[in-house]
Amino acid sequence: MKLFLSFLLAGTFLLTACARDGGTPPTQDPHLPPSWYQLENETPPEPTSPETDKAVEAAFGIYTDALTEVEPETSSAAPSLIAQNPSDFVPWHLDGLIANFAVGVGGLYGSTILDGAAAVRATWRKTARGLPPPSATRSASGIAFRGSMSEKQVASALEPAIQTALAGKTIRDEKRFRRNANAEGMRFLNTCRALESMPPLRRWRLAAFAFEVGFGASGQITPTWEAGGAVAMTFTWVAPEVARVLNPPTAADRRMHRFVSSMAALIPAAETDARPIREGGFPLNAIEFGLAVGYQREFGLASAAVAANSKLAFIRTDQPGESPSLSPDGTDVPFVGPGPNRIVAKVPAEKFRKGMRQAISMGRYFTERAAKRETPVWRLDTLQTEFAVSVTGLIKMASVSGAASLTLVFGNLSP
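Next comes the structure, spelled out in structure tokens:
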């Protein structure tokens with residue numbers, strides 16, 4: 029049996045390789061209970077069968093077995109290379125492996141093919157290598173912004189993406205497209221400044237925000253879920269180590285602060301629910317919310333029926349600061365649907381927290397089984413689980429046919 033695997037090398041490179049025949053064969057095709065992935069199913073996650081447990085463990089085992097077999101081959105040239113180079117030379121070596129798993133039709137759990145939607149992502153790294161751990165959140169991609177940028181710098185950052193879009197011949201009205209793209213960039217810059225002016229949160233840190241905007245053939249801005257063949261641009265902001273607040277927060281900034289604080293207020297309860305996983309060596313290190321954003325910057329969670337066009341990520345830290353609390357005018361979690369500025373539902377925060385508790389329980393299931401397949405050389409470093417959310421507050425595993433609205437990242441505490 030040949031498997032295509034993605035291997036993470038030292039640095040940021042990916043390599044595709046084949047494992048030899050052999051490995052740990054799954055005892056059967058693992059199928060998760062319907063209550064784990066069907067959003068219309070209000071039943072709490074049911075216990076899995078022993079057969080499914082063994083099959084899920086075997087799915088993880090295929091990758092760790094492959095690591096054990098492939099790693100000596102990638103290191104075989106290291107001694108001769110070291111002898112021929114300076115003492116500080118570090119040869120290429122196999123540093124880790126990222127495996128993506130999906131929930132398919134009928135709850136079938138297995139490896140994704142190419143760019144399939146992942147419900148579980150496991151990362152294994154070498155033990156005791158002394159290398160810096162990978163980031164708790166995904167690497168930011170897109171057009172990078174920071175609050176200190178000028179209007180001229182925004183235009184320069186947008187120009188390569190504008191040129192690429194125009195080269196695709198999808199845009200018919202270049203003048204309108206340029207005008208709208210630059211206006212949208214300036215609006216995002218104001219959002220970045222609002223985020224950088226937020227007071228620090230206790231134990232958690234706002235880490236990143238990404239926003240995808242679509243443009244139709246006429247150059248008009250359109251939500252990406254309605255755009256069809258539109259051109260899409262992704263704007264990204266990563267929190268600076270030290271934020272420089274340029275101006276006092278405006279009324280729009282304060283609205284953004286309230287929204288971000290209301291999302292952050294969901295985290296302490298999730299951290300409490302995840303305590304058993306932390307005691308097992310895998311604390312909740314990051315939470316990412318998939319958002320939908322209307323034309324007038326109406327923020328809310330994206331439901332499974334509407335793809336997220338925005339991501340808001342938090343990472344756990346030990347920094348002091350304010351305890352997150354729900355905004356005075358809202359104990360609800362808003363959802364944005366298709367159409368400009370449309371809130372389609374508001375779910376009581378307590379109901380959403382209940383769904384997060386169930387999501388953490390499912391995350392624990394996969395963490396425990398992936399950790400069982402550690403070897404003396406390789407250990408599970410992080411495990412990321414993706415969930416779809418309904419406007420009723422139900423939270424289930426993201427399937428290949430759904431869209432993720434909530435991401436939980438668990439990290440290994442062991443050295």
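The sequence shown maps to residues 29 to 443 in this note's numbering.
For each residue, glycine too, the CB sits at the ideal point set by N, CA and C.
Quick caveat: nothing in here was measured; it's all calculated off a predicted structure.
Rounded Cβ spacing between residue i and residue j (contact assumed at less than 8 Å)
| i | j | result |
| --- | --- | --- |
| Ile126 | Arg149 | 7 Å |
| Ala129 | Ala83 | Reading off the sequence shown, one finds Phe at residue 129, where the question assumed Ala. In fact, because the Cβ distance is near 12 Å, the residues do not count as touching under 8 Å. |
| Ala209 | Leu186 | 6 Å |
| Phe216 | Phe263 | 4 Å |
| Asp201 | Ser246 | 5 Å |
| Glu299 | Leu312 | 6 Å |
| Ser331 | Val241 | Contact doesn't hold; Cβ gap of about 20 Å is too wide. |
| Leu136 | Asp57 | 6 Å |
| Pro277 | His285 | 7 Å |
| Ala146 | Ser427 | That pair is no contact at about 11 Å. |
Residue-level contact to chain B via CB, residue i, 9 Å cutoff
| i | result |
| --- | --- |
| Ala280 | This model lacks chain B altogether; it includes just one protein chain. |
Residue i: first and last residue of the uninterrupted beta strand (DSSP E) it sits in
| i | result |
| --- | --- |
| Glu414 | Trp406 to Val417 |
| Phe310 | Careful: Phe310 lies outside any beta strand (DSSP E) and carries neither H nor E. |
| Thr262 | Val259 to Val266 |
| Asp8 | Any property of residue 8 remains undetermined from this structure, which presents the chain solely from 29 to 443. |
| Ser63 | Element bounds for Ser63: not the beta strand (DSSP E) but the alpha helix (DSSP H), Pro62 to Tyr65. |
| Ile171 | Ile171 to Phe173 |
| Ile423 | Ile423 to Met425 |
| Thr435 | Leu434 to Gly439 |
| Gly247 | Unbroken run through Gly247: none, as it is neither H nor E. |
| Ala150 | Val148 to Lys154 |
| Val364 | Asp360 to Val364 |
| Gly134 | Unbroken run through Gly134: none, as it is neither H nor E. |
Residue i to residue j span [Cα, whole Å]
| i | j | result |
| --- | --- | --- |
| Ser184 | Thr192 | 14 Å |
| Arg397 | Glu68 | 27 Å |
| Thr92 | Thr410 | 14 Å |
| Asn337 | Ile343 | 20 Å |
| Lys472 | Gly308 | No information on residue 472 is available, as it lies outside the stretch 29 to 443 that the chain covers here. |
| Thr151 | Thr413 | 12 Å |
| Pro376 | Phe310 | 29 Å |
| Phe438 | Gly196 | 40 Å |
| Gly455 | Met177 | With the chain represented from 29 up to 443, any question about residue 455 goes unanswered, as that position is not in the structure. |
| Lys203 | Glu269 | 37 Å |
| Gly124 | Leu436 | 20 Å |
| Lys180 | Tyr393 | 50 Å |
| Ser77 | Pro61 | 9 Å |
| Pro356 | Arg283 | For Pro356, the predicted model reports a pLDDT of 42, less than 50, meaning its position is unreliable and no value from the coordinates is stated. |
| Leu354 | Ile295 | Note that Leu354 has pLDDT 47, beneath the 50 cutoff, so the model's placement of it is unreliable and the number below is only indicative. Cα to Cα, Leu354 sits roughly 11 Å from Ile295. |
| Ile190 | Phe173 | 16 Å |
| Val182 | Phe287 | 25 Å |
| Val372 | Ser442 | 43 Å |
| Gly89 | Val98 | 14 Å |
| Glu85 | Gly132 | 17 Å |
| Leu422 | Ala431 | 14 Å |
| Glu224 | Ala94 | 44 Å |
| Gly328 | Glu79 | 39 Å |
| Asp346 | Pro227 | 15 Å |
| Val321 | Gln248 | 16 Å |
| Val453 | Asp281 | Missing from the structure shown is residue 453; the chain here goes from 29 to 443 and no further. |
| Ala279 | Leu194 | 36 Å |
| Ala297 | Gln66 | 24 Å |
| Ser289 | Thr250 | 28 Å |
Beta carbon of residue i nearer than 9 Å to that of residue j
| i | j | result |
| --- | --- | --- |
| Ser433 | Gly318 | yes |
| Arg407 | Asn440 | yes |
| Val334 | Val361 | no |
| Ser63 | Lys424 | yes |
| Gly134 | His59 | yes |
| Leu340 | Met291 | yes |
| Lys154 | Val417 | no |
| Ile305 | Thr395 | yes |
| Arg230 | Ala267 | no |
| Thr198 | Thr403 | no |
| Gly302 | Gly391 | With the sequence shown as reference, residue 302 is identified as Ala, and Gly is not the correct amino acid for it. Yes. Within cutoff. |
Extent of the continuous alpha helix (DSSP H) run through residue i
| i | result |
| --- | --- |
| Lys180 | Glu179 to Ala195 |
| Lys382 | Ala377 to Ala399 |
| Ala211 | Glu202 to Glu224 |
| Asp57 | Run containing Asp57: none; DSSP gives neither H nor E here. |
| Ala130 | No alpha helix (DSSP H) contains Ala130, which is instead part of the beta strand (DSSP E) from Leu122 to Val131. |
| Pro277 | It is not in any alpha helix (DSSP H) - Pro277 carries neither H nor E in the DSSP assignment. |
| Pro296 | Ile295 to Asp301 |
Check: At a cut of 8 Å, does the segment 64-82 reach the segment 374-392 through at least three beta carbon pairs?
Finding: yes
Note to self: Could you check whether the segment 232-245 touches the segment 213-223, counting it as contact only if at least three pairs of C-beta atoms, one from each stretch, sit closer than 8 Å?
What the structure shows: yes
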